[in-house]
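J.:
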Amino acid sequence: QLEASTELIALMREFQITDDDIRSDPLLYELFVAAGIDLAGVSEDKEASSEEGI
């Protein structure tokens, strides 16, 4: 299960999919929930990097 979630997160970064994109797509959302991925944790990296630019 951890392997699958790592692959999904890698795909998100590769295709620049945000957690908002996932929340707006019920099928994607179900996929991430089923994989046990905490979407809040996924976007934390992005938020941290965007705050540095301010």
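Quick note, in this note's numbering, the sequence shown goes up one by one and the last residue is 54.
The C-beta atom is built at its ideal place from N, Cα and C for all residues, glycine as well.
All values derive from a computational prediction rather than experimental measurement.
1. Helix, strand or coil: which one does DSSP assign to I22?
2. Classify F15 as buried or exposed, calling it buried when 16 or more other Cβ atoms lie within 10 Å of its own Cβ.
3. What separation, rounded to the nearest whole angstrom, lies between the Cα atoms of S24 and E3?
T.: Put simply:
1. helix
2. exposed
3. 24 Å
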